[in-house]
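Residue numbers (the numbering used here): 19 to 152.
We put the beta carbon where it would ideally sit given N, CA and C, even for glycine.
The structure displayed is predicted, hence computed values, not measured ones.
The next block holds one structure in the form of structure tokens; read it before the comments.
Below, the structure written as structure tokens:
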């Protein structure tokens with residue numbers, strides 16, 4: 019099992035692992051297809067990552083973003099990191115939120131950032147049968 023901050027992650031929710039990163043479905047998605055990309059090494063802040071981990075994390079986020087955007091019929095992507103508690107980080111493990119976006123998914127585009135907006139989408143299927151090719 020992988021560790022995501024204080025949480026142990028079941029292998030069934032991890033859909034991609036690279037040399038230094040992994041991607042998993044989000045238990046509280048803001049939009050359908052909202053997933054997370056994390057470094058394998060559990061560090062709290064971006065500045066704690068070594069350059070190789072930063073590169074792999076963002077290359078993996080880009081790769082995953084391409085797949086979720088297509089799979090969930092998105093037309094854009096939101097990539098987000100909350101780096102520290104004052105930035106809204108609740109899990110003490112660096113992670114990139116990857117959200118496929120499309121016109122009208124929020125009445126105001128910036129509502130995606132509003133506190134509590136995740137509650138609006140908790141019943142959606144997050145990442146069924148996505149295929150990430152090498």
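The shortest CA-to-CA distance from residue 80 to any of 128, 69, 115 and 64 is the one to 115.
Beta-carbon to beta-carbon, residue 46 and residue 102 are separated by about 20 Å, too far to satisfy the 8 Å threshold.
For residue 48 against residue 117, the beta-carbon gap comes to about 6 Å, under 8 Å, which counts as contact. The beta carbons of residue 54 and residue 73 sit about 18 Å from each other, so the pair does not count as a contact at 8 Å. Distances from the alpha-carbon of residue 100 to those of 26, 93, 109 and 32 put 109 closest.
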